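Below is one structure, written out as structure tokens; the observations come after it.
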Amino acid sequence: MEHKGTLYAVGVGPGDPELLTLKAARVIEECPVVAAPRTAGGRMLALEIARQAVSLAGKEILPLDFSMSTDPETRAAAHAAAAALVRAELDAGRDVALLNLGDVSIYATCAYLIERLEAEDYPTARVAGVPSFCAAAARLNTSLTGIDTPLHIYPAAEEADLAAALAQPGTKILMKSARRLPAVLDALRSAGCAGHSALAANCGLPGELILPRLDGPEAAAALDAGYFVTVIVKEG
24 MEHKGTLYAV
34 GVGPGDPELL
44 TLKAARVIEE
54 CPVVAAPRTA
64 GGRMLALEIA
74 RQAVSLAGKE
84 ILPLDFSMST
94 DPETRAAAHA
104 AAAALVRAEL
114 DAGRDVALLN
124 LGDVSIYATC
134 AYLIERLEAE
144 DYPTARVAGV
154 PSFCAAAARL
164 NTSLTGIDTP
174 LHIYPAAEEA
184 DLAAALAQPG
194 TKILMKSARR
204 LPAVLDALRS
214 AGCAGHSALA
224 ANCGLPGELI
234 LPRLDGPEAA
244 AALDAGYFVT
254 VIVKEG
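Residue 172 in the numbering used here is what sits at position 149 of the sequence shown, and the numbering runs on without skipping anything.
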């Protein structure tokens, strides 16, 4: 029986290369092929992070182009094309480390490829990474929960009901907030949450912005912070 390689989805954390786990580093070092998402502008941020923590000398680098389109068919076509590139490496018996920003189980791009290739009986595995909201809480020097505090994670997308999310008890994490940040800030003010809300943008990356409160004029700086924005809302 022909040997197939294994696809390892590897979480590299949100930005700081020191947050790459020992296991993640080991798996990357052991795989002859390293795959990483590539933006339309040609940047491979997950690869940049890993390169600062692990030697990639002698490895084949496999860029994967994932679409950010809202059209499901366009996204599916990009996933199929990326899976085909990875499949060729696995068919040749080579293990592939697919780098994923943050953790591999939270809004993770790698999930689309794993689902496709698992359905075709390719072996896969996941290597956990530090989620962005955990790194943000550490930078803010705060805890996300008490002994019995609920923790809710919401994507602050266009269809999200921010008022309903903010009405939940406990701590709320608003991810994917950048594109809707003006509406998020308005919702925080309307719900009386801005004074006990915090924001981290580009956590661990150049241009990092940390705002411990969002009820002052400094919150306006977040509007130009870029794509990687996480908002933490704690009970007052």
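Glycine residues also receive a C-beta, built at the ideal position from the N, C-alpha and C atoms. As the structure is a prediction and not an experimental result, all values here were calculated from the model.
Which listed residue (the options) has its alpha carbon closest to that of residue i
i	options	result
Gly227	Glu241, Leu246 and Gly125	Gly125
Ala190	Leu204, Ala214, Phe156 and Pro235	Ala214
Cys216	Met198, Pro192, Glu231 and Ala201	Pro192
Ala80	Gly116, Val57 and Gly36	Val57
Gly64	Met91, Pro154 and Ser78	Met91
Ala155	Gly169, Ile129, Gln75 and Ser78	Per the sequence presented here, residue 155 reads as Ser, with Ala not at that position. It is Ile129.
Ala221	Lys27, Gly249 and Leu167	Leu167
Cys157	Pro240, Ile255 and Ala107	Ile255
Thr194	Asn225, Ala160, Arg212 and Arg202	Ala160
Ile176	Ala188, Ala142 and Asp88	Ala188
Glu83	Arg98, Gly38 and Asp118	Asp118
Ile196	Arg203, Lys257 and Glu231	Lys257
Pro37	Asn225, Gly259 and Leu174	Asn225
Ala223	Glu25, Arg212 and Thr165	Thr165
First through last residue of the beta strand (DSSP E) which encompasses residue i
i	result
Glu83	Glu83 to Asp88
Ile233	Leu232 to Leu234
Arg149	Thr147 to Val150
Thr119	Strictly speaking, residue 119 in this sequence is Val, with Thr absent from that position. From DSSP, the beta strand (DSSP E) with Val119 extends over Val119 to Asn123.
Ala223	Ser220 to Ala224
Tyr177	Leu174 to Pro178
Thr165	That residue, Thr165, is in no beta strand (DSSP E); it is neither H nor E in DSSP.
Pro40	Element bounds for Pro40: n/a, residue is neither H nor E.
Thr97	No beta strand (DSSP E) contains Thr97, which is instead part of the alpha helix (DSSP H) from Pro95 to Asp114.
Ile255	Val252 to Val256
Short CB-CB distance (under 8 Å) between residue i and chain B
i	result
Ala160	Given the protein chain composition of this structure (a single chain), no chain B is represented.
Check whether residue i and residue j have beta carbons under 8 Å apart
i	j	result
Leu30	Leu140	yes
Val207	Leu185	yes
Pro86	Met67	yes
Gly152	Thr253	no
Leu42	Ala59	no
Met198	Ala179	yes
Lys35	Leu121	Checking the sequence shown, residue 35 turns out to be Val, not Lys. Taking 8 Å as the Cβ cut-off, Val35 and Leu121 do not qualify as a contacting pair.
Ala76	Ala107	no
Leu113	Lys27	yes
Boundaries (first-last residue) of the alpha helix (DSSP H) holding residue i
i	result
Lys195	That residue, Lys195, is in no alpha helix (DSSP H); its beta strand (DSSP E) goes Thr194 to Met198.
Val50	Leu45 to Glu53
Val207	Leu204 to Ser213
Sufficient close CB pairs (3 or more, under 8 Å) joining the region 140-149 to the region 228-247: no
Three or more C-beta pairs below 8 Å linking the region 131-138 and the region 96-111: yes
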